[in-house]
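Visitor:
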Amino acid sequence: MWLPLLGLIIGIVIGIQAPSLPQAYAQYMSVAVLAALDSVFGGIRAGMEKKFDDTIFITGFFSNTLLAAGLAYIGERIGVALYTAAIFAFGVRIFQNLAIIRRHILKK
Amino acid sequence: MKRGQISIAIVLLFLGMMIAMQVRATQQAQQNVPTARVQELTTRLKEVKEERDSLVIEVDDLRTKLNQVSAGGSANQAIRDELIKARMEAGVLPVKGKGVEVTMNDSPKELQPGEDPNLYILHEEDLLKVVNELRAGGAEAMSINGQRILATSEIRCAGNTILVNTKKVVPPITILATGNPDTLKSGLEIKGGIFEQLKYWGLVATVAKSDDITIPGFPGPVTFNYTSAVEDSGS
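Chains as they are written, first to last, in my numbering: chain A, 1 to 108; chain B, 109 to 343.
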């Protein structure tokens, strides 16, 4: 359990130390963060259901994140607020996963 | 399960990094951009104001020179009279005479929750209507809070203030007008007229006759950049 926690702490430290993000990319980053959160919740849920697969988890995390940022970028180029689609989809899934995780914990 | 833990650690590492960067970027966005903009605008405002003040001084200077020239012995009396008349018409000379003093202000009423404050403050339309009514009543010269109303003057809403001759005027508004005091006063106070409309919304509007109204001249330059006189119109 300590290894993931250590990873999170190191990540936060790197994020604080890293050169600051240009303003123009903040929007893409915000959608990407949401996608990443979604993947993490999905991973926890899979772990609870005992079908966690680390390859699926890792690829899911990075593809979701990149796709979300990409959608936001394309949306901005063509003038359609595509990032709202990503926010909506990931937002709904985060809450669904949270509900399922809660049920698993309560059942134990 | 060891491998699973490593992958979770990697993912969380990235997640933590992204969240931290995003939080920092958002904080910067909130702090820097508006203050920078405000500073820029303040500087610009200051520059423009200084420019305006120096131009006013320049105009004053030129007027003095013009006066000196027209006061010179060689100048013909008729031309001098004509000049004074023309400058009175243009509104660049201070004038005095009989007239009325109109004061207007926002409603002193306490605003109830849910009420639209726009209904209880003076708008540029109210000023326009009063000025229009005064003109219809034969006003010869007018000023709003010291701003002489010229043929080219505007009375305009700009955000939450009113501009007259591109200068801000704020309530309480004092409109001075020369002309027949009785006609001007009754024009404003006529039944169903402008004052009745203003008082309906609780706005303060009063008019007082006076024998001694002094109206300042317009301090700035009156320029014609795109307009010139037609030669043979001769009147």
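The beta carbon of each residue, even a glycine, is placed where N, CA and C say it ideally should be. None of these values were measured; they are calculated from a predicted model.
Could you list which residues in chain A have their beta carbon closer than 7 Å to that of B/V146, in chain order?
Guide: Going along chain A, no residue has its Cβ under 7 Å from B/V146, so there is no contact; the nearest lies around 17 Å.
Visitor: Give me the DSSP bridge partner(s) of B/S318.
Guide: DSSP output for B/S318 lists B/G207 as bridge partner(s).
Visitor: Jot down the residue ranges of each uninterrupted alpha helix (DSSP H) in the region 207 to 290 of chain B, minimum 4 residues, whole runs only, in chain order.
Guide: Counting only runs of 4 or more, we get 232 to 244.
Visitor: Quick one: what's got a C-beta closer than 7 Å to B/V203's C-beta in the same chain, skipping five residues either side?
Guide: Answer for B/V203: M196, A249, T286, I323, listed in chain order.
Visitor: Report all residues from its chain with a CB closer than 6 Å to the CB of B/P279; omit the five preceding and five following residues, and keep chain order.
Guide: Within the same chain, B/P279 has close Cβ partners N213, D214, L230.
Visitor: Do B/D234 and B/L311 have their C-beta atoms within less than 9 Å of each other?
Guide: Against a cut-off of 9 Å, the Cβ pair of B/L311 and B/D234 comes out as a contact.
Visitor: To the nearest angstrom, how far is the alpha carbon of B/Q130 from that of B/Y308?
Guide: Near 54 Å, if we compare the C-alpha coordinates of B/Y308 and B/Q130.
Visitor: Using three-state DSSP, classify A/A36 as helix, strand or coil.
Guide: A/A36: helix per DSSP, three-state reduction.
Visitor: So A/Y28 and A/A72 are in contact, right, with Cβ under 8 Å, and what is the actual spacing, rounded?
Guide: The pair is a contact, with the Cβ atoms about 5 Å apart (cut-off 8 Å).
Visitor: Look up B/A194 in the DSSP assignment and say whether it is helix, strand or coil.
Guide: Helix.
Visitor: Apart from the five residues on each side of it in sequence, which residues of its chain come closer than 8 Å, Cβ to Cβ, to B/P318?
Guide: One point to set straight first is that residue 318 of chain B is Ser, not Pro, in the sequence displayed. Closer than 8 Å at the Cβ level, and outside the excluded window around B/S318, lie K206, G207, V208, E209, P289.
Visitor: Below 8 Å, how does it come out for the region 39 to 56 of chain A and the region 154 to 165 of chain B: are there three or more Cβ pairs, yes or no?
Guide: Because the criterion of three Cβ pairs below 8 Å is not met, the region 39 to 56 of chain A and the region 154 to 165 of chain B do not touch.
Visitor: Cβ closer than 8 Å: which chain B residues qualify as neighbours of A/M29?
Guide: Here the neighbours are M126, M129, Q130, A133.
Visitor: For the region 52 to 68 of chain A, which residues have a CB atom closer than 7 Å to at least one CB atom of chain B, in sequence order?
Guide: Within the region 52 to 68 of chain A, the residues whose Cβ lies closer than 7 Å to some Cβ of chain B are F52, D54, F57, I58, F61, listed in chain order.
Visitor: Check whether the Cβ of A/V80 lies closer than 9 Å to any Cβ atom in chain B.
Guide: For A/V80, the answer is no, since every Cβ of chain B falls outside 9 Å of its Cβ.
Visitor: Taking 9 Å as the CB-CB limit, is A/L71 close to chain B?
Guide: No, because no Cβ of chain B sits closer than 9 Å to the Cβ of A/L71.
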